[in-house]
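Just below is one structure, and these are the notes that go with it.
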Amino acid sequence: MNKSILPGVGLLISIFSMLIAAWFLVHFLTILGLFLAVAYPVWWLFLPSRTPCLICRSKKQDDYCPLCKRSVNKNESISPSGIRSILGNSLIIALLSLLSGAIVLGEMKVLRYLGFPPTPRTVSFVIPSTKQFLLGEIFPMKLEIVGIKQAVNTIQTDISFDPNALEAIDVSTENSFASIFVQKEINNQVGFVRLTGGLPNPGFSDPQGTFGTIYFRSKVPGLIEIKFLPSSLVLANDGRGTNVLKEISSVSYLILPERVSPERSLKDINMYDSTKKNNRTASNSTQMLFYDDKAVLGISTQLPEEKISPLSQFLILLEKIDNTILSLWRKAFGAFPQ
693 MNKSILPGVG
703 LLISIFSMLI
713 AAWFLVHFLT
723 ILGLFLAVAY
733 PVWWLFLPSR
743 TPCLICRSKK
753 QDDYCPLCKR
763 SVNKNESISP
773 SGIRSILGNS
783 LIIALLSLLS
793 GAIVLGEMKV
803 LRYLGFPPTP
813 RTVSFVIPST
823 KQFLLGEIFP
833 MKLEIVGIKQ
843 AVNTIQTDIS
853 FDPNALEAID
863 VSTENSFASI
873 FVQKEINNQV
883 GFVRLTGGLP
893 NPGFSDPQGT
903 FGTIYFRSKV
913 PGLIEIKFLP
923 SSLVLANDGR
933 GTNVLKEISS
943 VSYLILPERV
953 SPERSLKDIN
963 MYDSTKKNNR
973 TASNSTQMLF
983 YDDKAVLGIS
993 TQLPEEKISP
1003 LSQFLILLEK
1013 IDNTILSLWR
1023 KAFGAFPQ
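If you're matching positions, the sequence shown starts at 693 in my numbering and goes up one per residue.
The following block contains the structure:
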């Protein structure tokens, strides 16, 4: 039984060794192939007897070499027989280098399609500047994201607040970069707000943008805190829906003990009603809404920690090697796309 297994194991080891050798050869030719193609004639001028013809080396004894136009005699020198053979060998090396570069490019494209390396987490929610409001005042809190390096197409903001200190009046989507909204949830019993939406391909790629605005009314004086929950998401338009949100922040506001005047309160209500009316008008013309505009119970789910397996780390390393090699090509010859 052991004797029947050993040949199979040996075959697998041989195949694996050949694949590794081929991988190194392809990447070596991609890096130095064109240099070798140019250096080959120079090498032949100084060391003709030590410069082998590639076709002659690959042929068997007495086979015909079309470049040197002679039968191969491996007992004698197999160096190129003339200019034709030298240029032919240089051309072969150059073609192998270009073919190797195409293979490396294909390998990198496949790795990126599979998600290696992962899209980096660069996006965060903007923390508004420190502000203070009167007791009973209606005030806005903008939902803004910043640090967009890769276009995004889906955003979910989950907000937590103290329902004894604040009341969420509404969530506005006026002036939002998103055009489709699927969830708008408000629960003043537990202190939760969710807004979920996005936009179709190619997504939103500006460095910073406003997703929505939450209107709160203060209920008690003092320092209040509004938190973005870990269930908040910012998904990249990378074909894989990678969450690129890198951090969860919180916002603090100071509510003064002085109560807002009836005139100021009426002004705030009128301004809020006007904003809400404009928001609905804009939504009817430019935005698609797929939610019921009513208060519903919100939930939050903790995102699991992302772990990178050893295999994933190896594939990420391969992609970095391929990208580094192709970057050298782009700098030297302007070849190969990103």
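Every residue, glycine too, gets a C-beta built ideally from N, C-alpha and C.
- The Cβ-Cβ distance between residue 924 and residue 858 does not fall below 8 Å.
- Here residue 908 is near residue 861, since their CB atoms are less than 8 Å apart.
- When rounded, the separation of the alpha-carbon atoms in residue 799 and residue 740 is 37 Å.
- Counting the other CB atoms within 10 Å of its CB gives residue 876 a total of 16 or more, which places it among the buried residues.
- Counting along the chain, residue 777 sits inside the alpha helix (DSSP H) bounded by residues 775-805.
- The beta-carbon separation of residue 847 and residue 837, rounded to 7 Å, stays under the 8 Å limit for a contact.
- In the three-state scheme derived from DSSP, where H, G and I count as helix and E and B as strand, residue 808 is classed as coil.
- Unbroken beta strand (DSSP E) stretches of 3 residues or longer found wholly inside the region 722-750: none.
- According to the DSSP assignment, residue 1010 belongs to the alpha helix (DSSP H) that extends over 1002-1025.
- For residue 787, the closest C-alpha among the options 801, 709, 724 and 834 is that of 724.
- Out of 1004, 865 and 845, the CA that lies nearest to the CA of residue 934 is found in 845.
- When DSSP states are grouped into helix, strand and coil, residue 713 belongs to the helix group.
- Residue 718 and residue 1013 have their C-alpha atoms some 12 Å from each other.
- Contact annotation: residue 811 and residue 930 have beta-carbon atoms nearer than 8 Å.
- A Cβ-Cβ contact shorter than 8 Å links residue 785 with residue 728.
- Where residue 888 is concerned, the enclosing beta strand (DSSP E) starts and stops at 884-890.
- Across the set 1005, 752 and 1017, the C-alpha of 1017 shows the shortest separation from the C-alpha of residue 797.
- When the five nearest sequence neighbours on each side are left out, no beta carbon in the same chain lies closer than 6 Å to the beta carbon of residue 768.
- Taking all protein chains shown into account, residue 732 has 16 or more neighbouring C-beta atoms within 10 Å of its C-beta and is therefore buried.
- Residue state for residue 704 is assigned as helix, using DSSP reduced to three classes.
- If you ignore the 5 residues before and after residue 818, its C-beta comes within less than 8 Å of the C-beta of 834, 836, 837, 838 and 900, all in its own chain and listed in chain order.
- Ranked by how close their Cα comes to the Cα of residue 1020, the residues 735, 904 and 722 have 722 in first place.
- Going by C-alpha positions, residue 756 is about 15 Å away from residue 781.
- A Cβ-Cβ separation of about 19 Å leaves residue 853 out of contact with residue 865 under the 8 Å criterion.
- Looking at the backbone, the Cα of residue 808 and that of residue 709 are separated by about 24 Å.
- At a Cβ-Cβ threshold of 8 Å, residue 827 and residue 948 count as neighbours.
- With fewer than 16 neighbouring CB atoms inside 10 Å of its own CB, residue 942 falls in the exposed class.
- Rounded to the nearest angstrom, the gap between the Cα atoms of residue 884 and residue 1009 is 42 Å.
- Taking 8 Å as the upper bound for CB-CB distance, residue 803 and residue 1007 are in contact here, some 6 Å apart.
- If you draw a straight line from the Cα of residue 742 to the Cα of residue 735, it comes to about 9 Å.
- In this structure, residue 895 lies near residue 843, with their beta-carbon atoms less than 8 Å apart.
- Sequence-distant partners of residue 888 (beyond 5 residues in either direction) whose C-beta falls short of 6 Å from its own C-beta, in its chain, are 848, 874 and 875.
- Rounded to the nearest whole angstrom, the CA to CA distance from residue 1002 to residue 1011 is 14 Å.
- For residue 718, the secondary structure class from DSSP, reduced to helix, strand or coil, is helix.
- Per DSSP, residue 900 is one residue of the beta strand (DSSP E) stretching across 900-910.
- By the criterion of a C-beta distance shorter than 7 Å, residue 870 is surrounded in its chain by 847, 889, 890, 891 and 903, once the five residues flanking it on both sides are discounted.
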